[in-house]
Amino acid sequence: MTSKFWSETVRRTEPYVPGEQLDLPDLLKLNTNENPYPPSPAVLEAIQRELNRKLQLYPSPTVDGLRRKIGGYYKLDSRNVFVGNGSDEVLAFSFMAFFNSSETIRFPAVSYSFYPVYAKLFNIPYEEVSLNRDFTIQAECFFQSEGGVIFPNPNAPTGIYLELEAIRDILDSNPDQVVIIDEAYVDFAGESAASLVNMYDNLLVVQTMSKSRSLAGLRIGFALGSPDLIEALNRIKDSFNSYTLDRLAIAGAEAAILDSEYFRKTIEKIVRTREWTAEELKKRGFHVLPSSANFVFVSHYKHTAEQMYTKLKEQHILIRHFKKTGINNYLRITIGTDEQMQQLLNQLDKME
Ligand code: PMP
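Here it is, written out as structure tokens:
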């Protein structure tokens, strides 16, 4: 559909479609990579304290306290930190801040499906780079890009992690372009490229508190980079909305980043459940890609992905099926609690 009132920008958009949200009391939601555990109790206390304070006043436009705490966690200066309303917003600002209409950017052909949406919205030409047959990223394919590079690490929806050495090679070969590493799932994997921020002025690391810190509902994302890159993001933000994080989100995010004990324990539980789930799925005839995230990407030797998706939905279990060439026989399953994964396995067993 279209309308005579729509701007050219609206006409060329192809909006992102978020994972379904069904309103069923017994729904098992394993389709948007949310954390099955609640946030740290310290987060809830901080939000409660803030609620009793100054909701009639605007929040801080510079969010210094949270930026300092995130900087402290990564041993960086607060001038290396930008915060935003979910990492989707940080990513959108980054496309505006670092990519141009005259230069082609690159991202993997199997990757986060929001990237082509931003590229179309901001009129940025892009090239989708094929992955290897085993779904790994080939670093050389991202060398000497014309307009910049962006990819998730671990990649989504494959869950496969790329070593920092390969990321360094990509950064070295793109000295005049920004390389954005979207680390939405890195806490479930291993090393963050945050350790490279002081070495590479062309590196922007984007992270979120939606997954490993159980705060999808609060909308907190952040970016780590050289002060020049952070200043560019601030210039975009302040040309758009000065207060992207509200008072409750700021208070909750500060408490979340400080509670590293709770964070570590939650991640340990999810990683343990992931490894167990992967083994159980393999026993049932699934091909499971090696995941470093809080989800697994799988296909079955007999049942098609579409069949399994539909059958599970009938049983009120939601998983993600992307109808996209190359991955349409795969399913992305978020890792929940042990009990939730057992429930999924029980339903799969009934399909044999
Ligand atoms: N990057 C990737 C790769 C994701 O999968 C997601 C979650 N859909 C995001 C960024 C955005 O997360 P949020 O906006 O909740 O921070």
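Numbering of the sequence shown is given in this note's numbering, commencing with residue 845 and proceeding in unit increments. Ideal Cβ positions, reconstructed from N, Cα and C, are used throughout, including at glycine. Owing to the predicted nature of the structure, the values given are computational and were not obtained by experimental measurement.
Assess contact between the segment 1062-1070 and the segment 917-932, defined as three or more Cβ pairs (one per stretch) separated by less than 8 Å. Is contact present? With a cut-off of 8 Å on Cβ pairs, the segment 1062-1070 is in contact with the segment 917-932, counting three or more such pairs.
Taking one C-beta from the segment 875-889 and one from the segment 1032-1052 each time, how about it: are there three or more such pairs within less than 8 Å? Because the criterion of three Cβ pairs below 8 Å is not met, the segment 875-889 and the segment 1032-1052 do not touch.
Please list, following the chain, all residues that have a C-beta closer than 5 Å to any non-hydrogen atom of ligand 2. Absence of ligand 2 from the depicted structure is noted, with ligand 1 being the only ligands included.
Inter-residue Cα distance where the pair is Thr1088 and Gly928: If you draw a straight line from the Cα of Thr1088 to the Cα of Gly928, it is about 6 Å long.
Ala953: buried (16+ other C-beta within 10 angstroms of its C-beta) or exposed? By the beta-carbon neighbour count (other beta carbons within 10 angstroms, threshold 16), Ala953 is exposed.
Opening and closing residue of the beta strand (DSSP E) in which Asp1026 lies: For Asp1026, the uninterrupted beta strand (DSSP E) run begins and ends at Val1023 to Asp1026, by DSSP.
Are the beta-carbon atoms belonging to Phe995 and Ser957 less than 9 Å from one another? No. Outside cutoff.
C-alpha distance - Asn1078 paired with Thr906, whole-angstrom precision: Each residue's alpha carbon lies about 9 Å from the other.
Between which two residues does the beta strand (DSSP E) carrying Phe942 extend? In this chain, Phe942 is not harboured by any beta strand (DSSP E); it is covered by the alpha helix (DSSP H) spanning Gly930 to Phe942.
Are the beta-carbon atoms belonging to Asn879 and Ser1056 less than 9 Å from one another? Going by C-beta atoms, Asn879 is nearer than 9 Å to Ser1056.
Gln1191 beta carbon less than 9 Å from that of Gln1159: In contact: Gln1159 and Gln1191 (Cβ atoms closer than 9 Å).
Every unbroken beta strand (DSSP E) inside the segment 845-886 [3 residues or more]: Secondary structure within the segment 845-886: not one fully enclosed beta strand (DSSP E) run of 3 or more consecutive residues is present.
Distance cutoff 9 Å, beta carbons only. Does Ser847 sit that close to anything in chain B? Absent here is chain B; the protein component of the structure consists of one chain.
Determine the DSSP secondary structure at Tyr1032, reduced to helix, strand or coil. The residue you asked about is not Tyr; residue 1032 is Phe in the sequence shown. Helix at Phe1032.
Give a yes or no on whether the C-beta atoms belonging to Pro998 and Val1030 are separated by under 9 Å. Contact: yes.
For a quick check, are the C-beta atoms of Ala1099 and Glu889 less than 9 Å apart? Contact: yes.
Can you give me the start and stop residues for the alpha helix (DSSP H) that Ala1067 sits inside? No alpha helix (DSSP H) holds Ala1067; the beta strand (DSSP E) holding it covers Gly1065 to Gly1069.
May I ask you to report which of helix, strand or coil DSSP gives Glu1009? DSSP places Glu1009 in helix when its eight states are reduced to three.
Going by DSSP, what residue range makes up the alpha helix (DSSP H) through Thr1117? Per DSSP, the continuous alpha helix (DSSP H) segment holding Thr1117 begins and ends at Ser1104 to Lys1127.
What's the gap between the Cα of Leu901 and the Cα of Leu1188? Leu901 and Leu1188 have their C-alpha atoms roughly 46 Å apart.
Only counting the same chain, and skipping five residues up and downstream in sequence, which positions put a Cβ closer than 8 Å to that of Ile1111? Contacts found: Asp1031, Phe1032 and Ser1056.
Check whether the segment 1091-1107 touches the segment 1130-1142, counting contact only when three or more Cβ pairs, one atom from each stretch, lie closer than 8 Å. They do not touch, by the three-pair rule.
Quick check on Glu1158: does DSSP put it in helix, strand or coil? Residue state, collapsed to three classes: helix.
Specify, as a first and last residue, the run of the beta strand (DSSP E) that Phe1141 falls within. Phe1139 to His1144 is the extent of the beta strand (DSSP E) around Phe1141.
Assuming Ala936 and Tyr962 make a contact with CB atoms under 8 Å, what is their CB distance in whole Å? Indeed they touch by this definition, with Cβ atoms about 6 Å apart.
Using 9 Å as the threshold, is the C-beta distance between Gly930 and Arg1063 below it? Contact flag set, yes.
Burial state of Val854 (16 or more Cβ within 10 Å): Classification for Val854: exposed.
Taking contact to mean at least 3 C-beta pairs separated by less than 8 Å, is the segment 963-973 in contact with the segment 1008-1025? With the cut-off at 8 Å, the segment 963-973 and the segment 1008-1025 do not touch.
On the three-state DSSP scale, how would you describe Ile949? Here DSSP, grouped into helix, strand and coil, assigns Ile949 to strand.
Have a look at Ser847, Ile1074, Leu872 and Thr846 and flag the residue whose alpha-carbon is nearest the alpha-carbon of Leu1156. Considering only alpha carbons, the answer is Leu872.
Assumed close pair Asn1173, Phe1166 - CB separation to whole angstroms, cut-off 8 Å: Between the beta-carbon of Asn1173 and that of Phe1166 there is about 10 Å, and that puts the pair past the 8 Å contact cut.
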